[in-house]
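S.K.: What follows is a single structure, and I will ask about it in a moment.
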Amino acid sequence: MSASGMIIADKILHNGTIWCGYEEGTVEALAIWQGKVLAGGKSQDILQFQGETTELVDLKGAFATPGLNDAHLHLISTGLSLKRIDATPAVLPTLADLQEAIRAKAATLPKGEWILARGYDQTKLDIGRHPHKSELDQAAPEHPVLLTRACGHVAIANSFALKLAGVDETTPVPDGGLIEQKNSALTGMLAENAQDLVRAVIPEPSEEQIIEAIEDGGNMLLSYGITSCMDAAVGQIAGYKEIRAYNIAKRDNRLPVRTWLVLLGDPGKSVVPQCYESGLVSGVGDDMLTIGAVKLFLDGSAGGKTAWMSVPYHGDDVDNIGVQILSDEDLQAMVMDAHAKGYQLACHAIGDMAIEQLITAYEKALAAYPDPDRRHRIEHCGFSSDEQHQRMLKAGIYPCPQQVFIYDFGDAYISVLGDERAGPSYPLKTWRDLGFKPATGSDSPVCHPNPFPNLYTMLTRKTWKGTVMEENQRVSIEEALQVYTEYGAFSQKMETVKGKLVAGQVADIAVFSRNMLEATPEEILSDTQCIMTLRGGEIVFAR
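Using this note's numbering, the first residue of the sequence shown is number 4, and each one after it goes up by one.
This is how it looks when you write it as structure tokens:
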């Protein structure tokens, strides 16, 4: 503080366009004090906060926004996937490419060590179908291989992996799962809970490997201007050890992004009892690391034909309506239990039947233990109906979608559901207009956390192929940025802490190479990058 009693800013950003929020608009300069926004406005006014110790950051005409909030991804899985085979279509577009990558990895590993790959999409592969276990066997006959689809709800295991897991043609199919057979023989495809049969024999990562994954994944997010995220299923890989790893990462300054932890609550895998015994309920924590909600999986993915629908998918399997993972009774009991214990819930439901099942369970819990601001979330909420929206509004239930699914998977949705059913999916403008404050995210490693395809989709409703899906669901760039910032904070009950660049909120700032308010969607998609990221007023990434 100066002799005159005026606060001296620690940092001042100037000489750029700084977008502070949907209602706040832009300013020329921003003052930061003790990790929070002090003031924003015209340069001449903000420079009055300059003192001898103030650091001036010249934006050189760049465009700044509040730090982006990826409101649904898997941070540990994202970090771990950086060390696995990237099987996304952009990297490995053909079966031959996929086999060669597996063959090359096998050459570097001792016989019998696991090869893990993720990211394929059968609708984009040159063969137009899921790979067969025999095709993975050809690439790595002496290593167990698990190739996971981009969505994470379907995986292909080779013969070695199936043998290690003790899975054969006589293995009982777990509830809420699928073990595919054709002509009475395994194809290697496992969906939903059946994947656990193979995952159970994959060595669990060590605590240090989990912390490294948190650090590596978080640093990648910072490079895209993402300063906050939600980890959407903590405990999925290594149980309660993940809670410990997050806290150690935070203690040792190895947690790069503000993280909202969503606890896996699925039967047999739940970390909720241990967390509850430790006093870790929704809201416990601080601005960097917070216990968020409880997560249950109700169905799968639309592109993998495992999202639970009221009308069957197109294709050979004429009766396929996807996978119902939990019975109504089990779901309602688990939702009631978590709700009664004070937890917010953020459950995975994509198909209209899963959404229906979840809304009903939330309604019953809220009727038994009323809480007008619990903000239970429906993660993804891809194929919801107008009638369901009205019930959600009445109960205070919020959709938490990933608009980038339209970009990455929209054409796959059309292929398995047809135009009429696929087109209206993930109706962002409808949700905004109804007052839901929908956040967005990438579901990484399902989709890449790069925010530019996500923004592009919100502006255009175009898929990667250029297919337009319901252009009346397009929003403006200001609305899209609000979804990525303010609404992300709202979804985590942290709208008073972050999401805008206003006095008193954390100084989390993303600086981009292009003024997105004036750019075309194509320029945002392919010709914009994050050039600097600040978290709590400190520069944590610079390109």
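Ideal placement from N, C-alpha and C gives every residue a C-beta, glycine not left out. Keep in mind it's a predicted model, so treat the numbers as computed, not measured.
Considering only DSSP beta bridges, list what Lys14 is partnered with.
M.R.: By 1-based counting over the sequence shown, the position of residue 14 is 11. Answer by DSSP bridge pairing, in chain order: Ile35, Glu58.
S.K.: Taking the continuous alpha helix (DSSP H) assigned at Gln508, which residues delimit it?
M.R.: Position 505 of the sequence shown, counting from 1, holds the residue named residue 508. Where Gln508 is concerned, there is no enclosing alpha helix (DSSP H), given that its DSSP letter is neither H nor E.
S.K.: So, with DSSP's three-state summary, where would you put Ile400?
M.R.: Residue numbering aside, residue 400 sits at position 397 when the sequence shown is read from its first letter. Three-state DSSP puts Ile400 in coil, outside helix and strand.
S.K.: Please return the same chain residues whose Cβ sits closer than 8 Å to the Cβ of Val505, not counting the five positions on each side in sequence.
M.R.: Here residue 505 refers to the residue found at position 502 when the sequence shown is read from its first residue. Cys23, Gly24, Glu27, Val40, Gly43, listed in sequence order.
S.K.: Check each candidate in Gly426, Asp61, Ile35 and name the one with the smallest Cα separation from Asn475.
M.R.: Your numbering for residue 475 matches position 472 in the sequence shown. Closest option to Asn475, Cα to Cα, is Gly426.
S.K.: Can you check DSSP and say which residues form a bridge with Glu382?
M.R.: Along the sequence shown, one-based indexing puts residue 382 at 379. According to DSSP, which records beta bridges pairwise, Glu382 is partnered with His351, Cys403.
S.K.: Roughly how many angstroms lie between the CA atoms of Ile246 and Ile213, to the nearest whole one?
M.R.: Looking up residue 246 in the sequence shown gives position 243. Looking up residue 213 in the sequence shown gives position 210. Whole-angstrom Cα-Cα distance: 10 Å.
S.K.: Mind reading off the beta-carbon distance from Val176 to Ala143? Whole number of angstroms is fine, and I expect it under 8 Å.
M.R.: On the sequence shown, position 173 is the one that residue 176 refers to. On the sequence shown, position 140 is the one that residue 143 refers to. About 26 Å separates the two Cβ atoms, so there is no contact after all.
S.K.: Here's the rule I'm using: 16 or more other beta-carbon atoms within 10 Å means buried, otherwise exposed. How should Met9 be labelled?
M.R.: For the purposes of this step, residue 9 is taken as residue 6 along the sequence shown, with counting starting at 1. Per the 10 Å Cβ criterion, exposed.
S.K.: Determine, using beta carbons only, whether Pro147 and Trp117 come nearer to each other than 8 Å.
M.R.: What you label residue 147 is simply residue 144 of the sequence shown in a count that begins at 1. What you label residue 117 is simply residue 114 of the sequence shown in a count that begins at 1. Yes, Cβ-Cβ distance for Pro147 and Trp117 is below 8 Å.
S.K.: Between which two residues does the beta strand (DSSP E) holding Lys432 run?
M.R.: As a working note, residue 432 is residue 429 in the sequence shown. Where Lys432 is concerned, there is no enclosing beta strand (DSSP E), although the alpha helix (DSSP H) it sits in stretches over 431-437.
S.K.: Could you tell me which residues DSSP pairs with Thr29 in its beta bridges?
M.R.: To locate residue 29, count along the sequence shown from 1; it is residue 26. Answer by DSSP bridge pairing, in chain order: Trp22.
S.K.: What does the alpha-carbon distance come out to for the pair Ala6 and Ala32?
M.R.: Locating residue 6 in the sequence shown gives position 3, where the first residue counts as 1. Locating residue 32 in the sequence shown gives position 29, where the first residue counts as 1. For Ala6, the predicted structure reports a pLDDT of 48, less than 50, and the residue's modelled location is therefore unreliable. The matter cannot be settled from this model.
S.K.: Compare the beta carbon distance of Ala513 and Ala153 with 8 Å and say whether it is the shorter of the two.
M.R.: The residue you call residue 513 lines up with position 510 of the sequence shown. The residue you call residue 153 lines up with position 150 of the sequence shown. No; because the gap between Cβ atoms is not below 8 Å, this pair is not in contact.
S.K.: Our contact map puts Gly306 next to Thr126 with C-beta atoms below 8 Å; I'd like the distance itself, whole angstroms only.
M.R.: Locating residue 306 in the sequence shown gives position 303, counting from the first residue. Locating residue 126 in the sequence shown gives position 123, counting from the first residue. Right, their Cβ atoms sit about 7 Å apart.
S.K.: Whole angstroms is fine: what's the gap from Ile358's alpha carbon to Thr488's?
M.R.: Counted from its first residue, the sequence shown places residue 358 at position 355. Counted from its first residue, the sequence shown places residue 488 at position 485. The alpha-carbon atoms of Ile358 and Thr488 are separated by roughly 25 Å.
S.K.: In its own chain, which residues sit with a C-beta less than 8 Å from the C-beta of Gln37, not counting the 5 before and 5 after it?
M.R.: Reading the sequence shown from its first residue, position 34 is the one you call residue 37. The answer, listed in chain order, is Asp13, Gly540.
S.K.: Taking 8 Å as the threshold, find out whether the region 414-432 comes into contact with the region 525-535 through three or more Cβ pairs.
M.R.: Short answer: they don't touch.
S.K.: How should Asp376 be labelled, buried or exposed, when 16 other C-beta atoms within 10 angstroms of its C-beta is the threshold for buried?
M.R.: Stepping through the sequence shown from its first residue, residue 376 is reached at position 373. Exposed, because fewer than 16 other Cβ atoms sit within 10 Å of the Cβ of Asp376.
S.K.: So the alpha helix (DSSP H) Lys108 belongs to, where does it begin and stop?
M.R.: As a working note, residue 108 is residue 105 in the sequence shown. Per DSSP, Lys108 belongs to the alpha helix (DSSP H) from 98-109.
S.K.: Any idea if Thr551 is buried or exposed, counting beta-carbon neighbours within 10 angstroms, 16 or more meaning buried?
M.R.: Nothing can be reported for residue 551: it is not among the residues displayed for the chain, which extend from 4 to 546.
S.K.: Taking the alpha-carbon of Met497 as reference, which of Asp322, Trp263, Phe439, Lys397 has the nearest alpha-carbon?
M.R.: As a position in the sequence shown, residue 497 is number 494, starting the count at 1. Of the candidates Asp322, Trp263, Phe439, Lys397, the one whose C-alpha sits nearest the C-alpha of Met497 is Trp263.
S.K.: Between the C-alpha atoms of Ala343 and Ile480, what's the straight-line distance to the nearest angstrom?
M.R.: Residue mapping note: residue 343 aligns to position 340 of the sequence shown, counting from 1. Residue mapping note: residue 480 aligns to position 477 of the sequence shown, counting from 1. Each residue's Cα considered, the two are about 39 Å apart.
S.K.: In chain order, what residues of the same chain lie with their CB nearer than 8 Å to the CB of Asn250, ignoring the 5 residues before and after it?
M.R.: Sequence index remark: in the sequence shown, residue 250 carries index 247 (1-based). These residues qualify, in order along the chain: Leu292.
S.K.: So, for Leu537: in the same chain, excluding its five sequence neighbours on each side, which residues have a beta-carbon less than 7 Å away from its beta-carbon?
M.R.: On the sequence shown, residue 537 is found 534 positions in, with the first residue counted as 1. Answer for Leu537: Ala510, Asp511, Ile512, Val543, listed in chain order.
S.K.: Run through the DSSP bridge pairs and tell me what Trp263 is partnered with.
M.R.: As a first step, residue 263 must be located in the sequence shown, where it is residue number 260. Per DSSP, Met233, Thr293.
S.K.: How is Cys278 classed by DSSP in three states: helix, strand or coil?
M.R.: The residue labelled residue 278 in the question sits at position 275 within the sequence shown. Residue state, collapsed to three classes: helix.
S.K.: Quick one: using the 10 Å Cβ neighbour count with 16 as the cut-off for buried, is Ser226 buried or exposed?
M.R.: Here residue 226 refers to the residue found at position 223 of the sequence shown. Per the 10 Å Cβ criterion, buried.
S.K.: For Asn72, count the other beta carbons within 10 Å of its own beta carbon; 16 or more makes it buried, fewer makes it exposed. Which is it?
M.R.: Sequence index remark: in the sequence shown, residue 72 carries index 69 (1-based). With 16 or more other Cβ atoms within 10 Å, it is buried.
S.K.: May I ask you to report which of helix, strand or coil DSSP gives Glu473?
M.R.: Sequence index remark: in the sequence shown, residue 473 carries index 470 (1-based). The answer is coil: DSSP assigns Glu473 none of H, G, I, E or B.
S.K.: Closest by CA to Tyr410, which one among Pro404, Thr460, Val287?
M.R.: As a position in the sequence shown, residue 410 is number 407, starting the count at 1. With distances taken between Cα atoms, Tyr410 lies closest to Thr460.
S.K.: Where does Pro524 sit, in a helix, a strand or coil, going by DSSP?
M.R.: Taking the first residue of the sequence shown as 1, we reach residue 524 at position 521. Helix.
S.K.: Quick one: what's got a C-beta closer than 8 Å to Gln102's C-beta in the same chain, skipping five residues either side?
M.R.: Sequence index remark: in the sequence shown, residue 102 carries index 99 (1-based). Correct list, in chain order: Glu138, Leu139, Gln141, Ala142.
S.K.: Taking the alpha carbon of Ile88 as the point to measure from, which residue in Gly70, Val60, Asp100, Val287 has its own alpha carbon closest?
M.R.: Taking the sequence shown and counting its residues from 1, the one referred to as residue 88 is at position 85. Taking only the C-alpha atoms, the option nearest Ile88 is Asp100.
S.K.: Hey, how far is the Cα of Gln1 from the Cα of Thr56?
M.R.: Residue 1 is absent from the structure shown; the chain starts at 4 and stops at 546.
S.K.: The beta strand (DSSP E) spanning Leu537 covers which residue range?
M.R.: Here residue 537 refers to the residue found at position 534 of the sequence shown. Segment 533-538, the beta strand (DSSP E) holding Leu537.
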